[in-house]
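Counting from 1 along the sequence shown, just add 22 to a position and that's the residue number in the numbering used here. Glycine is no exception: its CB is placed at the ideal position from the N, C-alpha and C atoms. The model shown is predicted, which means the values in this text are computed figures rather than measured ones.
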Amino acid sequence: MEPDLDPNNRLLPLTAYGIKAMSMGFLIPQDSPVAWRGLMVQKAMNQLLFEVSWPKLDLLILDLPPGTGDVQLTITQSIELAGAVIVSTPQDLALRDAVRGVDLFKKVGVPILGMVQNMSTFTCTNCGHHHDIFGLDGVRKKCDQLGINLLGDIPLHARICHDADAGKPTVVADPDGSQAQAFHELMKAVGKTVGLP
Numbered sequence: 023m024e025p026d027l028d029p030n031n032r033l034l035p036l037t038a039y040g041i042k043a044m045s046m047g048f049l050i051p052q053d054s055p056v057a058w059r060g061l062m063v064q065k066a067m068n069q070l071l072f073e074v075s076w077p078k079l080d081l082l083i084l085d086l087p088p089g090t091g092d093v094q095l096t097i098t099q100s101i102e103l104a105g106a107v108i109v110s111t112p113q114d115l116a117l118r119d120a121v122r123g124v125d126l127f128k129k130v131g132v133p134i135l136g137m138v139q140n141m142s143t144f145t146c147t148n149c150g151h152h153h154d155i156f157g158l159d160g161v162r163k164k165c166d167q168l169g170i171n172l173l174g175d176i177p178l179h180a181r182i183c184h185d186a187d188a189g190k191p192t193v194v195a196d197p198d199g200s201q202a203q204a205f206h207e208l209m210k211a212v213g214k215t216v217g218l219p
């Protein structure tokens with residue numbers, strides 16, 4: 023699905039479940055690789071930020087690729103950010119990249135709102151036993167070490183993947199499920215951190 027244009031030739035964000043979204047993925051053919059650097063990244067980011075007909079928003083969330091490259095630098099030079107939320111799985115290798123992200127945002131004066139531990143625990147649907155496949159509390163320990171907030175834990179659950187593939191967020195597909203509750207708690211924590219009611 024491609025976004026439409028408004029009368030001023032600005033892209034109209036796509037809307038689903040009350041959320042407005044825009045992505046380079048909406049603008050290029052699905053099977054085309056995206057390997058942009060430097061000026062191409064800057065142009066794409068500026069298009070998404072300034073050439074989209076965003077309505078009045080409570081919050082604009084930018085989902086950035088991991089790392090400390092051109093995308094992050096372009097964003098921090100283009101707009102004033104309320105803060106960064108760093109998402110990582112608990113294992114050491116992923117945490118090293120996450121810490122680099124924390125360091126980058128701190129160096130450019132972007133507040134770190136906190137971290138999210140993704141794929142934190144897997145609960146067996148047969149026996150109910152909890153498995154810490156990627157390690158136990160890696161992000162929590164790193165938050166303690168860095169003096170930043172742990173905003174939430176998102177479990178490793180097949181339902182999250184299934185719901186996403188079906189085009190329906192888990193919080194809509196199974197609003198009373200534990201994984202949906204984890205997302206609700208995360209959004210409450212982020213909202214509180216940025217001063218949303």
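Item checked: Beta-carbon proximity list for LYS128, same chain, < 7 Å, skipping 5 on both sides -> ILE134
Item checked: Those residues which DSSP pairs with SER110 across a bridge -> GLN139
Next item on the list: Output the distance between the C-alpha atoms of ARG13 and GLY213, rounded to the nearest integer angstrom.
Entry: Nothing in the structure corresponds to residue 13, since the chain is present only between 23 and 219.
Checklist line | CB-CB length for MET137 against ILE108, believed under 8 Å | finding: So it is a contact: roughly 5 Å between Cβ atoms.
Item checked: the stretch 89–106 touching the stretch 166–173, judged by at least three CB pairs closer than 8 Å -> The stretch 89–106, when compared against the stretch 166–173, does not touch it at the 8 Å Cβ threshold.
Notebook entry, point to check: Going by the beta-carbon positions, is the gap between VAL63 and ARG32 smaller than 9 Å?
Noted result: Not closer than 9 Å, so no.
Item checked: Euclidean distance between Cα positions of LEU86 and THR111 -> 16 Å
Margin query: Tell me the DSSP secondary structure of ALA120 in three-state form.
Written below: Assigned with DSSP and collapsed to three states, ALA120 falls in helix.
Check: Relative to the alpha-carbon of GLN139, which residue among CYS146, ALA204, PRO197, GLY217 has its alpha-carbon at the smallest distance?
Finding: ALA204
Check: Quick one, are the C-beta atoms of PHE144 and PRO191 less than 9 Å apart?
Finding: no
Margin query: Less than 9 Å between the C-beta atoms of PRO35 and PRO51, yes or no?
Written below: For PRO35 and PRO51, no; Cβs fall outside 9 Å.
Notebook entry, point to check: From LEU158 to LEU61, what distance separates their C-alpha atoms?
Noted result: 40 Å
Margin query: Spatial neighbours of LYS42 within its chain, please: C-beta separation below 6 Å, excluding the five flanking residues on both sides.
Written below: PRO35
Notebook entry, point to check: Smallest Cα separation from ALA202: which of HIS179, VAL216, GLY150, GLY217?
Noted result: HIS179
Check: Can you tell which of MET23, ILE83, LYS163 has the C-alpha that lies nearest to the C-alpha of GLY105?
Finding: ILE83
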